[in-house]
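No gaps in the numbering here: position 57 of the sequence shown is 412 in this note's numbering, and each next residue is one more.
One structure is given here, and the rest of the page talks about it.
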Amino acid sequence: MNSKINSFSAPGKIILFGEHSVVYGYPAIAIAIDKRARTIISSENEDKRGFLHVPDLYPNNFFPFIKKENMPRDIAAHLKIIKYFTDSSPSKKLPYISITSDIPISAGLGSSAAVIVSLTKALSYYYDTYTSLDEINHIAFKGEIIQHKTPSGIDNTIATYGGGIYYHNGKIVNISVPSSSFYITVANSMVKRNTKDLVLKVRQKYEKDKETVQSLFIQIDTIVKEALKAIKEKDIAHLGELMNQNQKILDKLGVGHPEISKIIKIFKQSNSLGAKLTGAGGGGCVIGLFHKKEDAIKAVNRSRENNYQSFLTLSTNIGVKKDE
Ligand code: MEV
Numbered sequence: 356m357n358s359k360i361n362s363f364s365a366p367g368k369i370i371l372f373g374e375h376s377v378v379y380g381y382p383a384i385a386i387a388i389d390k391r392a393r394t395i396i397s398s399e400n401e402d403k404r405g406f407l408h409v410p411d412l413y414p415n416n417f418f419p420f421i422k423k424e425n426m427p428r429d430i431a432a433h434l435k436i437i438k439y440f441t442d443s444s445p446s447k448k449l450p451y452i453s454i455t456s457d458i459p460i461s462a463g464l465g466s467s468a469a470v471i472v473s474l475t476k477a478l479s480y481y482y483d484t485y486t487s488l489d490e491i492n493h494i495a496f497k498g499e500i501i502q503h504k505t506p507s508g509i510d511n512t513i514a515t516y517g518g519g520i521y522y523h524n525g526k527i528v529n530i531s532v533p534s535s536s537f538y539i540t541v542a543n544s545m546v547k548r549n550t551k552d553l554v555l556k557v558r559q560k561y562e563k564d565k566e567t568v569q570s571l572f573i574q575i576d577t578i579v580k581e582a583l584k585a586i587k588e589k590d591i592a593h594l595g596e597l598m599n600q601n602q603k604i605l606d607k608l609g610v611g612h613p614e615i616s617k618i619i620k621i622f623k624q625s626n627s628l629g630a631k632l633t634g635a636g637g638g639g640c641v642i643g644l645f646h647k648k649e650d651a652i653k654a655v656n657r658s659r660e661n662n663y664q665s666f667l668t669l670s671t672n673i674g675v676k677k678d679e
C-alpha cells in the first residue's frame with residue numbers, strides 16, 4: 356500500500372463531432388482539454404475509516420464507504436469503484452479521498468468521467484495494484500454506467516488516454532488534431548443538464564420514430580467521417596462547416612436549447628468558422644472554431660459580457676496521471 360498524500364488527475368474533453376449517435380455505435384471525434392479533475396488520496400487516516408469528500412458539490416458531507424439508499428448518483432458511482440479496490444486488496448487500511456475539479460460540472464465537458472478515471476488511478480496506486488490504462492478505462496466505464504446508464508464510453512476513454520481520438524464502438528484511433536492551425540472557444544450556457552436524461556430523451560425519440568432518427572444518425576456518421584478527413588488535411592474551414600451541419604442535426608434530435616443558439620450567434624458575430632454544442636446538449640457548453648486568435652478572444656469576451664462562463668481551450672495529450 357502506498358502512503359502519504361498523493362494526487363492524480365485526468366482531463367475533461369470536448370466532443371468535436373458525433374455526440375448521441377455515438378451511443379448507438381456510430382463514430383465520434385473528441386479531444387482532451389486542459390482542464391482536469393483531481394483525486395487526492397491519503398493514508399494518514401488514523402481511525403482506519405475511509406471517507407470520500409467532494410467539497411465542490413457536497414462541502415459538508417464526508418461519505419463513509421457504505422452504500423446507502425437514495426445516495427447521489429455520482430457518489431454511488433465513486434463508492435462502486437472504491438469497493439472494487441477494497442474488496443480485492445489484502446490491506447484493510449482505508450484511505451481518505453478528496454475530489455476536486457476545474458472542469459465545469461454538468462456542462463458537457465466530461466467532468467464525471469474525468470473524476471472517475473482519476474479516482475480509479477488513485478485507488479490503484481494506493482492499493483499498489485498494477486492497473487494498466489486499459490483496465491483503468493474499463494473500471495471507470497462501470498462507474499460511468501451508474502451515472503449515465505447507457506454511456507458510449509467515449510468520455511472515460513478520452514479522460515484515460517488524453518489526446519485526440521476517433522472513437523467507434525469502443526475502439527479508438529488516435530488522431531493528431533492540428534491545434535496550431537485553429538482556436539477553440541468554449542462558452543457555458545450555465546443551463547445545467549443531465550447527460551442521462553438527454554440520452555433518454557433521444558432514446559424515446561428513437562423508439563417512437565426509428566426511421567427518422569436513424570437517418571439523422573447516418574447524417575452525423577457522414578459528417579464525422581468527413582471531419583476525420585478534414586482534420587488530416589488540415590482543412591479548417593471545412594471543419595467549421597461540418598460543425599454547423601452537426602449542430603443542425605442535433606437540433607433536429609431535440610437536444611438544442613435557446614441559450615445554445617444565442618451563444619452560436621455570438622460566436623458567428625466573432626467570425627467563427629463553425630460552432631455547435633458539445634456533449635449531451637440541452638444546455639451545457641458550446642464550442643466555436645476560429646481561424647484567428649483575436650476572433651476567438653473576441654468570442655470569449657462577448658460571451659462573458661452576456662454572462663456566460665467562457666474560455667479559450669487547448670488540447671492536451673496528457674491523460675490520467677500522478678501529479679507531481
Ligand atoms: C457524452 O459526453 C455525450 C453523449 O454522446 C453520451 C455518451 O456518449 O455517452 C450524449
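In this text, a Cβ means the ideal position worked out from N, Cα and C, and glycines have one as well.
Per DSSP, cross-strand counterpart(s) of residue i
i, result
"residue 361", "396"
"residue 641", "542, 632"
"residue 528", "521"
"residue 503", "According to DSSP, residue 503 bridges with nothing at all."
"residue 370", "385"
"residue 419", "406"
"residue 676", "364"
Residue span of the alpha helix (DSSP H) that contains residue i, given as start and end
i, result
"residue 613", "613-624"
"residue 433", "428-443"
"residue 514", "509-516"
"residue 656", "648-660"
"residue 466", "466-481"
Classification of residue i by the beta-carbon crowding that lies within 10 angstroms, buried from 16 upward
i, result
"residue 485", "exposed"
"residue 478", "buried"
"residue 407", "buried"
"residue 404", "exposed"
"residue 567", "exposed"
"residue 585", "buried"
"residue 610", "buried"
"residue 383", "buried"
"residue 554", "buried"
"residue 459", "buried"
"residue 462", "buried"
"residue 708", "In the structure as shown, the chain begins at 356 and stops at 679. Residue 708 is therefore absent and cannot be evaluated."
"residue 528", "exposed"
"residue 494", "buried"
"residue 385", "buried"
"residue 411", "exposed"
"residue 502", "buried"
"residue 445", "exposed"
"residue 506", "buried"
"residue 380", "exposed"
"residue 704", "There is no way to answer for residue 704, as the model of the chain reaches only from 356 to 679."
"residue 577", "exposed"
"residue 511", "buried"
"residue 624", "exposed"
"residue 424", "exposed"
"residue 588", "exposed"
"residue 638", "buried"
"residue 447", "exposed"
"residue 421", "exposed"
"residue 536", "exposed"
"residue 592", "exposed"
"residue 429", "buried"
"residue 492", "buried"
"residue 531", "exposed"
"residue 565", "exposed"
Host beta strand (DSSP E) of residue i (start-end)
i, result
"residue 451", "451-456"
"residue 320", "Since the displayed the chain opens at 356 and closes at 679, residue 320 lies outside it and no answer follows."
"residue 667", "664-668"
Closer than 7 Å: residue i CB and nearest the ligand NAP heavy atom
i, result
"residue 493", "This structure simply doesn't include the ligand NAP; it includes the ligand MEV instead."
Between the stretch 453-472 and the stretch 361-374, are three or more C-beta pairs nearer than 8 Å?
-> Contact holds: three or more Cβ-Cβ distances are below 8 Å.
For the stretch 530-604, list the alpha helix (DSSP H) runs that are entirely contained and at least 4 residues long, ordered along the chain.
-> 550-563, 565-587
Can you find at least 3 beta carbon pairs, one from the stretch 665-676 and one from the stretch 573-581, that sit closer than 8 Å?
-> no
Check whether the stretch 391-398 touches the stretch 451-463, taking contact to mean three or more Cβ pairs, one atom from each stretch, closer than 8 Å.
-> yes
Does the count of Cβ pairs from the stretch 598-613 and the stretch 648-666 closer than 8 Å reach three?
-> no
The stretch 530-540 touching the stretch 488-501, judged by at least three CB pairs closer than 8 Å | Contact check between the stretch 530-540 and the stretch 488-501: fewer than three CB pairs, one atom from each, fall below 8 Å, which does not count as touching.
Taking three-plus beta-carbon pairs below 8 Å as touching, is the stretch 511-522 in contact with the stretch 588-604?
-> no
Touch test, the stretch 555-565 against the stretch 645-660, Cβ-Cβ under 8 Å, three pairs minimum | no
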